[in-house]
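Asks:
6 protein chains.
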Amino acid sequence: MFDIISFGEAMIRLSTTDYKRIEQADLFKLSVGGGELNVAVGTARLGLKSAWMSLLPEGLLGGLVRNKIMETGVDTSLIKFSGRGRMGLYFVEFGASPRRSKVIYDRKLSSISLIEESDFNFKEILKTRVYHVSGITPALSEGCKRATGESLKYAKENGAIVSFDVNYREKLWSESEAQKCLIPLMDYVDILITTEEDTERVFKIKGKNYYEVAEKLMKEFSFKIVAITLRENISVLRNNWTAIAYDGHKFYNDKKYELELVDRFGGGDSFSAGFIFGYLTENKDIEKAVKYGNAFSVLKQTNPTDFNWANLEEVKSLLAQKSLRVQR
Amino acid sequence: MFDIISFGEAMIRLSTTDYKRIEQADLFKLSVGGGELNVAVGTARLGLKSAWMSLLPEGLLGGLVRNKIMETGVDTSLIKFSGRGRMGLYFVEFGASPRRSKVIYDRKLSSISLIEESDFNFKEILKTRVYHVSGITPALSEGCKRATGESLKYAKENGAIVSFDVNYREKLWSESEAQKCLIPLMDYVDILITTEEDTERVFKIKGKNYYEVAEKLMKEFSFKIVAITLRENISVLRNNWTAIAYDGHKFYNDKKYELELVDRFGGGDSFSAGFIFGYLTENKDIEKAVKYGNAFSVLKQTNPTDFNWANLEEVKSLLAQKSLRVQR
Amino acid sequence: MFDIISFGEAMIRLSTTDYKRIEQADLFKLSVGGGELNVAVGTARLGLKSAWMSLLPEGLLGGLVRNKIMETGVDTSLIKFSGRGRMGLYFVEFGASPRRSKVIYDRKLSSISLIEESDFNFKEILKTRVYHVSGITPALSEGCKRATGESLKYAKENGAIVSFDVNYREKLWSESEAQKCLIPLMDYVDILITTEEDTERVFKIKGKNYYEVAEKLMKEFSFKIVAITLRENISVLRNNWTAIAYDGHKFYNDKKYELELVDRFGGGDSFSAGFIFGYLTENKDIEKAVKYGNAFSVLKQTNPTDFNWANLEEVKSLLAQKSLRVQR
Amino acid sequence: MFDIISFGEAMIRLSTTDYKRIEQADLFKLSVGGGELNVAVGTARLGLKSAWMSLLPEGLLGGLVRNKIMETGVDTSLIKFSGRGRMGLYFVEFGASPRRSKVIYDRKLSSISLIEESDFNFKEILKTRVYHVSGITPALSEGCKRATGESLKYAKENGAIVSFDVNYREKLWSESEAQKCLIPLMDYVDILITTEEDTERVFKIKGKNYYEVAEKLMKEFSFKIVAITLRENISVLRNNWTAIAYDGHKFYNDKKYELELVDRFGGGDSFSAGFIFGYLTENKDIEKAVKYGNAFSVLKQTNPTDFNWANLEEVKSLLAQKSLRVQR
Amino acid sequence: MFDIISFGEAMIRLSTTDYKRIEQADLFKLSVGGGELNVAVGTARLGLKSAWMSLLPEGLLGGLVRNKIMETGVDTSLIKFSGRGRMGLYFVEFGASPRRSKVIYDRKLSSISLIEESDFNFKEILKTRVYHVSGITPALSEGCKRATGESLKYAKENGAIVSFDVNYREKLWSESEAQKCLIPLMDYVDILITTEEDTERVFKIKGKNYYEVAEKLMKEFSFKIVAITLRENISVLRNNWTAIAYDGHKFYNDKKYELELVDRFGGGDSFSAGFIFGYLTENKDIEKAVKYGNAFSVLKQTNPTDFNWANLEEVKSLLAQKSLRVQR
Amino acid sequence: MFDIISFGEAMIRLSTTDYKRIEQADLFKLSVGGGELNVAVGTARLGLKSAWMSLLPEGLLGGLVRNKIMETGVDTSLIKFSGRGRMGLYFVEFGASPRRSKVIYDRKLSSISLIEESDFNFKEILKTRVYHVSGITPALSEGCKRATGESLKYAKENGAIVSFDVNYREKLWSESEAQKCLIPLMDYVDILITTEEDTERVFKIKGKNYYEVAEKLMKEFSFKIVAITLRENISVLRNNWTAIAYDGHKFYNDKKYELELVDRFGGGDSFSAGFIFGYLTENKDIEKAVKYGNAFSVLKQTNPTDFNWANLEEVKSLLAQKSLRVQR
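Chains as they are written, first to last, in the working numbering: chain E, 17 to 344; chain U, 17 to 344; chain X, 17 to 344; chain D, 17 to 344; chain L, 17 to 344; chain P, 17 to 344.
Below, the structure written as structure tokens:
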């Protein structure tokens, strides 16, 4: 039995070097990413038995992606190599104030978007302590919409804790499509991870601050926990980061971290991974879960690639850190 | 009026570094290529007024490709930026004996494959001394098949010399599909460029050597000139290269070049470019056209990227070259 | 007829990697730059029909520079390839506080500095809506001094709007030489682009702020518009940027941008390009011209190389920008 | 139960770029290698359930090595992270005729060399179809000598097929030390993999060719199979490669491959991996085992790093290969 | 006679690129560093006749290190190439807030740690104006402890000014070991360079600020000068730097520099180098020595590698600097 | 007293990466070279006390070149930093058959070409066992012509062995200019190093093979030794290399080496260095001198940059080498 299974798309990420614009590129750095995959990677790096369920195209590109995933310790036995579809890609150019970073997705016809009912027997597979998926997966295709719903249902039936990150992507679907699809799925969700903005766009819920937003979400749905992350864009290269969680009774806060951003991609996913890890290993202590989530997230944002190359010892060390000097 | 217009697809080429396999890649070198585009680039580099007609997707990736093409001097006013489709890609890993180089195409849904009748008014556009297209373009989609046929017809009507490179690609269509499509198009073709193997696969014409193949092609169709290129794979990194041409009366031969391959991609296209350049500028002297074609081709095969960065002076210098010493 | 022609020197720029000092260098990144060339590039990138007039040495280095210019869409038909002189170079090492960035010029005997009267028939060539030149060109040699004067005269006679960037370079000439040469040329200038410091050094005009400087310049000369750019060096890697313009009646201000510098070189030239673009395309609306100038300048300062790889859509998007988040 | 377990040392390999000598280096490419590890990697890449047993130092360097191993699909549950010892390293500079490639080992005090009796319960662990070790492991330290002996004993007792690669390293021990240690261990060995030279140095067995050497080895010891690999150094960058096997009854030959070497390190280990794979999956068909071994070995020698990034499909494709053209 | 001799260890430094974590590394940038070596390099770069005394292993790695040292102008005639021991290494990953930079030392069994009495005749060798060593050298091994003591004694006897940087490294020895070893050595020291923290850890001397610490040090020991450096970690990438000196009569202060850190390693050593240079060349003017020390230190922190690639002219220019603009 | 002093120009070499043509370059690898400098470097690397006499421009570029020279162990006390002139450069693109490698010189106005009589007191300076110069130095300018003549005179008077490499460069002067200048200088020369082709172009001496050429040279001039190097260009990347020497009595031959070229630049200079080294250290044994010269030359041709990074031990090892296997 796995500690966590996540379900979603992986893409090859191609990013320019040295703040080059895509139009002037001559070289791309290659890495791999994907919201749910990043959560599987993060929990594996922290020591959980973690698997990622998905489809990849047969051949060298699918093999490349599988290798990069194996490198992190994620179990790859739930990956199905398929003759259908292609490898999704996304292109990144990193910004500096006042130019924002930019992402171009090239994920049409990806293997997972062509998922068929026979690909996964969710009832059998989803025997796991936590099942995690985000709002990106159902947005990929009708097949993915169906599969997300079914998988959530079976995970729940099998007794898993269901974790869901809203992750609204306007390039994939409209707010109303997202709303229509996601609201029914919320019935299966135990832990909702979101931002103020996504909450407004998808659930039409607003509040004067994130405490109020969390309260309203909790009122509207039957979550066990709502976690809301908060990023302040001081500049393109300097951000503040924190998050809260709410269990219907109490708010769990954490300090605000000041970041010198190296690579913000996957920062939210590392929060999810750290939160789930803390929740599972610290006896459902939500306060610790939030702290692990934030610390793991901010460490991620200082290493290149979507994946988090920090380990548990470093998370603990950051939680106790007193100085920013070189560590010898 | 242009000296030459070519019509076809451009792709971003992503190749690994230092003979790395794709499965172990961490970096991709980016360049741009495409059979007909390479011919436009080659002729522009040699000094002709050369244009490339195609569709590219709007946005940074289309802009990137346009920039790389402008860098070579090709006229880009016949490129249409389209909201339809994506940027085609291909991945390359370079081999060394006994491992062959490998190409993975990712060109589904490319903008040009979604071409519509209203995109180009061929009758108006195709006022040019030479019109060049290859067997890849009609293989991309039904729309491209139609457009290739029409464009050839109008180019011919407008008085252009029509040049056609067979370029059979088995990943795109079957031999019988190719045959069915291409044979009728041969009526418009003045200069056919092919290999022994492609001739057999597409036209079912075999001979005991390329002289005989050329003769049979000439007998079957109404070409003015048939040119057949010949590559010998001594090893993956050492090849011999030559070509002949036949005008129904006489065979035009050239020496055989011994190559230390840097990048063989686009080698055939550079032959076409050099041949067309020689034919146009040397008073239809086929012997010189063959020599220019071969020299330009082998120079191309010693520089990275599909494009040919040699210039006319270097072609002439190679034709007169006596030694392989450093040129100071 | 071109929208804009600029006249000046291009150099190959060789910059060290990763903040390395030149004395420890093992690799140089290569790009191309030059004040007036950068303006031609910027206006071409924004969509104007833009040409750059200059001399380049025959051979591979001249070809390299031409290629990099063609890549941006600038028309290169006004470049003359010459057997006289060499390719100018400049070396850059990027600083970090408190170490300033450093430039070493190696432009002696450049082809353009050996310009002869017969090289360009300015009267014929300078049929253009805008003619742009800076104070660098006349400082290069006596021949360039003569050519600058003549070109300004003919441009004016031909009805062009004349734009002039003071751009004082103390390595090229003394303040008094500059003063003696430039003051008479001001008669031809419609749009003067300068800084407070350059104004003081070249025209001996000081004011208590740039408004007063602009007023005094306008009083002393017969410009239509004076634009003054202002850079605040918060640190070596963080700058503020803004500019004003004055038409003798009204001051046109813009917001102050906070920059995380990637590459400040060519920032002033991109202001000129954006200003000229806005002036030409927005019906001589100076307020919009200033805004385009600043936005285009600050975008430039976030991409490597002297050239500006932003496009018009991005300028407009920046003018409307509300957040510094990733753009997906 | 694993298909194969191997036991030995891993080192970080640091190699210079572009044929640079170590004395002029400014950059090192990092990879991971080790004789027995390479065999585990090779068999995993071919599809076997493969594990590598060893000690790595706690901390980031041990983690780095583990990650690179996981990337290949090798099971890492038999790695023990230890507070004893350091990460072994080796430095490589690649040669070109007549300069040979050079390796500098820096493996003193490596964690595995400080192995203790309590580290591994071989009797429990070594439940596997094949157990593979080479002559390097016992040469590392007295502890390793003891552990190698014990592990062979228990593997044999547990019914594993024992595979042993002689791999004599003169930097680690003298010929007589090797002889004294290895001869008794041969009692446990089923499949011996060696070269003519190593056989002479370690076992003092010579023959007029490798057939005779194989016969003498078979006579002297109780192996089931002897495989002898043969490399001909045509030049530093061009080698020929083949191997034979002998089962006491029959010699199994294969063609001689002509190689354009990219990275010869790990070539022998890939032969072992391919041989073992073939032997296990093709019903103990030794002829096929030799063919798989050679094909897998020569593919390895065309990719950078000690690890083999080819897959089973490519091995089969090479066995059927007719041409050296690009594979599209 | 040398102006300065320093004595200590050199290591090859391997640092990841682009803020990569070590666990995800694929490339290491190579440079050379070591506390006392960095001081020799700094003083040589500033124009002093400077030598570094040490042992390096025979072979290519020792040669590589020697070459990198020669590149800076340090005299290498006091390096002894030894068959004993290995080349020490250290691995660096650069941090960004809130992740600190991290160093992993791999210096066990380094050649200098195996120093023997017969290696250097200190009495003969140490004829120099200044002799510099730090608290790292005696911490390396018992042999180094003995050699440090002896070398200090003979340097003093020979009339050298003795400079000592406390440089406490907890990975090498405990505070009490350091205390026990270093306190007796202080008798030989003329110039002590330290930080508040090191003073407390090694000498158990605390004060309410660094003035008081300096006074207490001066009272306890018989130094001629105490210099205390102060680094404020605003963030991982932004630091403030300054230092004071005290001669028992007067405090010598300097401005506080705001740094954008490129590479903080060797920053303290460059202070020592600048201080010693100023002291020797400016007639023992301590105020100037402090100013040179700080300016040279902060310049170092803006160039990659431990070595300081600034020169005397740049130090003087920084002392007079008024702006952070590009220097053309 | 030095073992050898050489006199000539140094240039920064900028070479493209990965066989790129200059017209497509985006990066230049930087190194330093120059005929006589390369000889000083080679002899220093082999262990001689070697100095290089020249002028370099003041500033960072001159400092960069000095640093790279110091890295090799060459004494730099005879370098004069001058306010006159610039740093010479040369650009390299590496070829592959049939495209030859190409060099573009940019050495006009180099500091050494502006040499003045007062720059060096040759009589004082040239106290050395060997003085080496090549035909490039007098070709640089009239000043260099004068200085070469004077330096040869004083070196001879001071009792040095004078070594001269003809090194004819047609870009610098015509054959008749070279002849007129060089023939009188031959009176001072003890060891002449040349090729058959240079001998014909400069001295108008031809022979049916290099033995006859050596005899004729010896007859015409009063050399002690004539050495003639021979390179066969099998292909651009594969060469054969050997050399002979003749002392008027006997021919000294060596084997012919088959090379896989990495970087042929400086190959001839390394022959000179090895020859001089052997002659000086092996008791004027010309046979050994030739062998050292060839072995050192071919090793050089397998490492990047003009400088030779091999050492004496490797030369000796090559002379005894029996196999091309990896050296562990």
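Even glycine gets a Cβ: it sits at the ideal position worked out from N, Cα and C. Model, not experiment: these values are computed from the prediction.
Name, please, each residue of chain U whose Cβ falls closer than 8 Å to the Cβ of X/N327.
Replies: G79
Asks: Where are the alpha helix (DSSP H) runs, 4 residues long or more, that stay fully inside the segment 41–77 of chain U, in chain order?
Replies: 51–62
Asks: By DSSP's criteria, X/Y147 is part of a beta bridge. Which residues make up the other side?
Replies: X/I21 and X/V178
Asks: Using the rule of at least 16 other Cβ atoms within 10 Å of the residue's Cβ for burial, across every protein chain shown, is P/N324 buried or exposed?
Replies: With 16 or more Cβ atoms within 10 Å of its Cβ, P/N324 is classed as buried.
Asks: Name, please, each residue of chain X whose Cβ falls closer than 8 Å to the Cβ of E/V57.
Replies: Those within 8 Å of E/V57 in chain X number zero; the least Cβ separation is about 20 Å.
Asks: Which residues of the segment 115–128 of chain D have a Cβ closer than 8 Å to any Cβ of chain L? Give them in chain order.
Replies: K118, I120, D122, K124 and L125
Asks: As a quick exercise: from L/G49, L/A60 and L/K224, pick the residue whose alpha carbon is nearest that of L/I21.
Replies: L/A60
Asks: Within 10 angstroms of its Cβ, does E/H148 collect 16 or more other Cβ (buried), or is it exposed?
Replies: buried
Asks: Taking DSSP as the reference, what is the three-state secondary structure of L/R162?
Replies: helix
Asks: Taking 8 Å as the threshold (beta carbon to beta carbon), is U/S339 in contact with chain P?
Replies: It does: the Cβ of U/S339 has a partner Cβ on chain P nearer than 8 Å.
Asks: Would you mind stating whether U/A311 and U/V342 have Cβ atoms separated by less than 8 Å?
Replies: no
Asks: If you measure beta-carbon to beta-carbon, which residues of the segment 217–245 of chain U are closer than 7 Å to chain P?
Replies: Interface annotation for the segment 217–245 of chain U against chain P: empty, criterion Cβ-Cβ distance under 7 Å.
Asks: Select from D/G79, D/L168, D/K224 and D/L246 the residue whose C-alpha is nearest the C-alpha of D/N137.
Replies: D/L168
Asks: State the DSSP-derived secondary structure class of E/Y184, mapped to helix, strand or coil.
Replies: coil
Asks: Shortest alpha-carbon distance to D/L335 belongs to which of D/A305, D/T321 and D/P320?
Replies: When only C-alpha atoms are compared, the closest one is D/A305.
Asks: List the residues of chain P that X/R102 touches, going by C-beta distances under 7 Å, in chain order.
Replies: D122 and K124
Asks: Taking the CB atoms as reference points, tell me whether D/G75 and D/G50 lie closer together than 8 Å.
Replies: no
Asks: Assuming contact is defined by CB atoms lying nearer than 8 Å, are P/E276 and D/S113 in contact in what I supplied?
Replies: yes
Asks: Would you check if the distance between the CB atom of D/T245 and the CB atom of D/F180 is smaller than 8 Å?
Replies: no
Asks: What is the DSSP secondary structure of P/D135, counted as helix, strand or coil?
Replies: helix
Asks: So what does L/W325 bridge to, in DSSP terms?
Replies: In DSSP, L/W325 forms no bridge with anything.
Asks: Work out the CA separation of E/S47 and E/L208 for me, nearest whole Å.
Replies: 28 Å
Asks: Which term fits L/G89, buried or exposed, when burial requires 16 or more other beta carbons within 10 angstroms of its beta carbon?
Replies: buried
Asks: So, X/A41 versus P/L80, is the Cβ gap smaller than 8 Å?
Replies: yes
Asks: Classify P/E212 as helix, strand or coil using the three-state DSSP reduction.
Replies: helix
Asks: Quick one, which of X/A176, X/V314, X/E186 and X/I131 has its alpha-carbon nearest X/D19's?
Replies: X/A176
Asks: Taking Cβ-Cβ distances below 7 Å as the criterion, which residues of the segment 256–282 of chain E are in contact with chain L?
Replies: Y273, E274, L275, E276 and V278
Asks: Kindly indicate which three-state DSSP category L/D301 falls into: helix, strand or coil?
Replies: coil
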